[in-house]
Structures are given as C-alpha cells and as structure tokens.
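For reference, the structure is listed below as structure tokens.
Chains as they are written, first to last, in this note's numbering: chain F, 31 to 369; chain D, 31 to 369.
If you want it as structure tokens, here you go:
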C-alpha cells in the first residue's frame, strides 16, 4: 500500500506544474472507463463536463478526473487531458471515433504571486493549462508526489501553504478506498495557531506528523479565520474519492456527498461562499458489488475519513513557494524544517 | 427590431467556423455582466462553468454564453472567449485581476463529414475551438447571420440540416425577450415528411416560411423518428434566452426552465437520452423589475415562444454542408431552392 489514491487498482495519477506561474494540474486516469458522479458543496465552483455526472443523465462512464489551478482560466486543462486519452484509444468508441470523458474542477490560485502572463497579456499569451493537462496525463503513474505539486502547486490555506494530498484505506468487506485532494481552502486545516490538524482523529500512523489531538483546544482556536478578510478572496478544495467496489452512478453521487464530510472534518471553515469545494466519486467496479446500503455506508464513511487524511497530508507535505510574501509551510513552522 | 437576440439591449453575438472541420462557435457577450442561470433537460449534456449558475452558488454575474460544436472537445472554446474578454477588461475586477465568466454548452457534430483532424492526429493537432471562441468574440456585433454559421455550422436534425436560429419579441409590460439556438436535435423541427414546422403556431410574419399549420396531421407524422436508429447517435440543441427585465438568479433559473418548453414546442422528440439540451437564461436588468410571478410568467412564456421560433428559424435558414451524404436543407427541399 502506497497510502495513495492509486492503491485502488486501475487508477494512475499524474502531476504537472508551471513554476513561473506557480500553478499546476493533477489528473487521475483510469485503465478502463469508470462510473462516476460529483457533489459540489462549495459556493463558488468552476468545472467542466460535470452535468453529465448527475444520476439522471445518460452518460455513465468517464476516463479522467482533472484537478487544476487557474480558476476559470484553468478549465482548458481537460482539453489537453482528452487529447492524450484520445491518442491512447481510451474512452467510448462511437462511430469510429474515440470519445474519452475528462471531468474537471478548478481552484483559485491566481493571486499567489506567480507570473500569470495570460492575465497581463491576454490572447497573446495563452493560459498554460491545456499543455499542463497533456503533460500531467503523460506523467500518470502509480507513484506520484504530494505537497507543492500538480493542482496543489500554487495552493494555500489561511494559515499554511496548501498542496496535494492523498490517502487510502480498506473496508472490512475487502474493498479499497482512496482519496486525492488539492487543498486551497478558504479556511485552515490546523487547529488555531498550533501544529495540530483537525483531521487528527483519523490519522493513520504518522502520515501527517503523528501529533495527535492537542491536550486542550483554547477558545480562540475556534474563532472563525479565513482568507480575504476584510477583502474578498477565493479559495477552494477540489478532490476525488475512488473505490474498487461496484457502484451505480446514483451510489457514486451518495459516495461523493458523504466524502464531502471529510472536508468538514479536516477544514474550518469549509463549503464557504468563496470556496468552490467539489468532490468527485469514482467506482472502478473491479472488486464486486458495494451498493447495498450498509456497505455503501461503510464505503462513504471510509471515503470521508480518507479525504480528511488526504487534506491534512496535502498541507503537511507542502513546501512554501519561493516568494517573500508566500504562505509558510507546515514543516518549516512546526516540523523543525525538514529541508 | 432585427428579430434577433441582440434586440435585447446590451447583448452582442459573434460567430466563427472552421469550414474544413464543419464546426463552429457562437458567443453572446454582454456590455455589462449579467445575471444568469441554466436548465439542462437533455440527457447527454456537455458544459463548462455551469455549476456556478445554480441559485445556491455565490457568483451571480457572467460575461458570455458560449455555444459550440465539437462535443466535449469543443469545451476549449470558452478559453478563447475568456481571453478576449480579459483583454477587453470585461467581468469582475478582483485583486487587480480581470476575471470574466464565460459559460458554455456543446453539441455533438463530430460525425457530420467534416475533417476532424484533432481526432485522427490527437495531441499533434489541437481542436480548433479555443481559436474559434476567440474569433467569435472578436466578431461580436448586433447583426449576425443565421443558419449554417457558428455553433450551427455543422448541426443537423433527423430530417433536415440544422443551424443557428434567433428571434425576439416584446411583452405588454414593455420588456424585450430574445432567444438564440444552435439546432442539432436528435429529433425533427418538421411535421412528418412535410415542410411545416412544429413551431408554426408561434411564427411571427413569415420568419420561417409562413406556411402555417398543415391542414391535417397524418398519423405517420406522429411516429417517433430520431437520429441513430438502430445505432446510437448523439445530438443536442443548445440555446439561450435573454431579457432586459431585472431578474434574480433564481428567477433566471425559472426562466431557463420555462424556456425549455420552447424546445418541446419546436422539436419532436426533444430532451432525449442522447440530446444534451441546455438552455441558459440571462437578465441584463436594464429595464426594471420583472420578478413578480405574473410578470415572470409572461416572460417565461415569451421566452418559450421565442425559443421555439428561433429553433424553426435555425432550420429554415440553414444551408446543406457540401458533402454527398450531407443532410439536405429546408429551402432546397421545400423552398424551391433560394440559392
């Protein structure tokens, strides 16, 4: 077990970033098309090809989940992903054509200090996301890095650098569940000003430092702190969960809704007006039926726990961007500086 | 009055197409950001940045509605649109950045005979849609062509060439309502094998031939005929309606739902599993409050009628693509051939 989304068989993950622009793309690709749905609980989402994921829609299978920076400008990324998948022959074959489906959500990292040339010289300079989507897909593998990589490259939270996180677990029925998150929350993954993570109760081993729960939570740690006060700011945590249990699209929708609870265990505040929090849920269906309500309840709980852990790991593994004003990273502040 | 969407003050429309690929893009741009929502009643939609249009989401204003061919490959178009709007300084100003919002829906025209090089040489040849989105935005004007143009360039219906249509009307409160549709329905805009349009009861003047209702509707005209029997096929009519009445986002959602009824008046079958029928609704808010239920009922009815007329005009104004196997156009079949 890698403690990564890719512990779910049939899933590969790739990252690509543009260091100059301080942004990037993460893509999860599937060996065979998977059943999927989505639950969007943040108030300011940006997405591509997601309506087809609703249970009343016809198309049942997708070939990639794309997470990216760039706010709405980042939505070109799925185009580059789709091109590579088409060349690989992935997706539905239809009238002699290859029609892969790449669904996407974005986060807002436009004000993180990177050089966003497509905003200062629009039209002449194109956003880098189509290329980043292509490159992330070409890089897809079972092993992938966490922290300041891919869609988490330019991500921040209100108190520490954000990043890309992942985690996995098993259920007692023998199913595998994995989660992947690009953590750019309007809120914080940490309790107050201390080093402890809200997700501590769900930590496995010392996957995000092993500090456990603080002895005491001071009242000021419950004060609501978030980006952009008094000026508005945008944020967003985008994520996916996956299982090898066989689920219908409606069951994937339920899984996506329950998995959003993982965000609420790991971030405070979350699902806010300026978050676009979006969670995709995917069933590879390689391990048999998981659709009975008690099994789905276990899968949903595992997915929520896993996603909470992935969020904490995204912050824990992050490295600060190289700007004077950049948000410091957890390890430098609390871990004695690992580098 | 031009009998076009652009009769609603503050809206411009632009078209661009790629004749070789037999596909194109239509964009409606707004002088100032507008309130908008969407109702997606087709079973196989493809879209970009639409979740933010739901009434519970924070972002209230958009700057462009993009309609395009290309199925999911076409979703790059909004990127080119957004780049031009950014250069023009359109949209929200946020932290010194220009953040226009372009929402998009696509239709499926991949099997219409055009040379889709990005499908035969993927990655090396990119889909043309980013460029077409840019060019359509640069072409935006009050006057624009109908028929085999823009998003309607490669469109078909089951019995006749499809195309881009538009229409407008006024309400007795003095509001203007307009509609725009790229008609690529799985079904037909025509009654049986004859020249009459299902939308005939709503026709103004002779805007789609003035033939009125047929004397008699033979039983075989009610037989359900649609593309892709027995093989599956995909289709989709994508549309927008707009009014200068001031509406909230929730009221725009209601307007979009009522406007979908215009599709059902003009097309049979419609909202089918392989249609991705999507209707955007926009309020420019330049003419005062239209949100009281009786007024909104009138606006919704006007929008539905207008959209039915726009659909018929899209088919009526279309010109067949220059392929042997291309779907014939209405005017050649029934109009004595205007050209």
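Yeah, the Cβ is synthetic: ideal placement off N, Cα and C, and Gly gets one too.
Values in this document were obtained by computation on a predicted structure and should not be read as measured data.
Quick one: grab the DSSP three-state call for residue i.
{"i": "residue 45/F", "result": "strand"}
{"i": "residue 364/F", "result": "helix"}
{"i": "residue 108/F", "result": "helix"}
{"i": "residue 120/F", "result": "coil"}
{"i": "residue 247/D", "result": "coil"}
{"i": "residue 68/D", "result": "strand"}
{"i": "residue 369/D", "result": "Any reading at residue 369/D needs caution, since the residue's pLDDT is 43, under 50, leaving its predicted position unreliable; the model's value is listed next. Note: residue 369/D maps to coil in three-state DSSP."}
{"i": "residue 114/F", "result": "helix"}
{"i": "residue 14/D", "result": "Nothing about residue 14/D can be reported from this structure: the residues present for chain D run from 31 to 369 only."}
{"i": "residue 177/F", "result": "strand"}
{"i": "residue 133/F", "result": "strand"}
{"i": "residue 61/F", "result": "strand"}
{"i": "residue 80/D", "result": "coil"}
{"i": "residue 168/D", "result": "helix"}
{"i": "residue 34/D", "result": "coil"}
{"i": "residue 359/D", "result": "coil"}
Considering only residues of the same chain and omitting the five flanking positions on each side of residue i, which have a CB-CB separation below 6 angstroms?
{"i": "residue 282/F", "result": "65, 66, 67, 311, 313"}
{"i": "residue 256/D", "result": "188, 216, 217, 299"}
{"i": "residue 362/D", "result": "none"}
{"i": "residue 178/F", "result": "193, 348, 349"}
{"i": "residue 57/F", "result": "44, 94, 96, 111, 166, 167"}
{"i": "residue 369/F", "result": "At residue 369/F the pLDDT is 43, less than 50, meaning the model places this residue with poor confidence; the figure from the coordinates comes in the next sentence. Nothing meets the Cβ criterion."}
{"i": "residue 243/F", "result": "230"}
{"i": "residue 37/F", "result": "31, 198, 206, 208"}
{"i": "residue 80/D", "result": "68, 133"}
{"i": "residue 50/F", "result": "145"}
{"i": "residue 358/D", "result": "350"}
{"i": "residue 109/F", "result": "160"}
List the whole-angstrom C-beta distance separating residue i from residue j, where the pair is believed to meet the contact cut-off of C-beta under 8 angstroms.
{"i": "residue 217/D", "j": "residue 187/D", "result": "7 angstroms"}
{"i": "residue 87/F", "j": "residue 74/D", "result": "7 angstroms"}
{"i": "residue 129/D", "j": "residue 196/F", "result": "Residue 129/D to residue 196/F, Cβ: 30 angstroms. No contact."}
{"i": "residue 337/F", "j": "residue 292/F", "result": "3 angstroms"}
{"i": "residue 137/D", "j": "residue 211/D", "result": "That pair is no contact at about 10 angstroms."}
Provide the residue(s) that pair with residue i in DSSP beta bridges, ordered along the chain.
{"i": "residue 298/F", "result": "218/F"}
{"i": "residue 273/D", "result": "207/D, 313/D"}
{"i": "residue 197/F", "result": "209/F"}
{"i": "residue 54/D", "result": "47/D"}
{"i": "residue 354/F", "result": "Paired residues: none, contrary to the question."}
{"i": "residue 97/F", "result": "56/F, 135/F"}
{"i": "residue 127/F", "result": "124/F"}
{"i": "residue 308/F", "result": "70/F, 268/F"}
{"i": "residue 155/F", "result": "152/F"}
{"i": "residue 91/D", "result": "65/D"}
{"i": "residue 186/D", "result": "191/D"}
{"i": "residue 238/D", "result": "According to DSSP, which records beta bridges pairwise, residue 238/D is partnered with nothing at all."}
{"i": "residue 227/D", "result": "220/D"}
What residues in its chain sit with their C-beta under 7 angstroms from that of residue i, if we drop five residues either side in the sequence?
{"i": "residue 308/D", "result": "68, 70, 72, 75, 77, 135, 268"}
{"i": "residue 254/F", "result": "299"}
{"i": "residue 148/D", "result": "103, 155, 156, 157"}
{"i": "residue 284/F", "result": "326, 330"}
{"i": "residue 90/D", "result": "65, 279"}
{"i": "residue 303/D", "result": "73, 74"}
{"i": "residue 200/F", "result": "206"}
Using 10 angstroms around the beta-carbon of residue i, count the other beta-carbons present and answer buried if the total reaches 16, otherwise exposed.
{"i": "residue 247/D", "result": "exposed"}
{"i": "residue 206/D", "result": "buried"}
{"i": "residue 181/D", "result": "buried"}
{"i": "residue 354/F", "result": "exposed"}
{"i": "residue 252/F", "result": "exposed"}
{"i": "residue 202/F", "result": "exposed"}
{"i": "residue 275/D", "result": "buried"}
{"i": "residue 170/F", "result": "buried"}
{"i": "residue 323/D", "result": "exposed"}
{"i": "residue 53/F", "result": "buried"}
{"i": "residue 339/F", "result": "buried"}
{"i": "residue 106/D", "result": "buried"}
{"i": "residue 305/D", "result": "buried"}
{"i": "residue 121/F", "result": "buried"}
{"i": "residue 164/F", "result": "buried"}
{"i": "residue 173/F", "result": "exposed"}
CB-CB under 8 angstroms to residue i, same chain, minus the five flanking residues each way: which ones, in chain order?
{"i": "residue 227/F", "result": "219, 220, 221, 233, 238, 239, 241, 296, 342, 345, 346"}
{"i": "residue 119/D", "result": "128"}
{"i": "residue 294/D", "result": "300, 301"}
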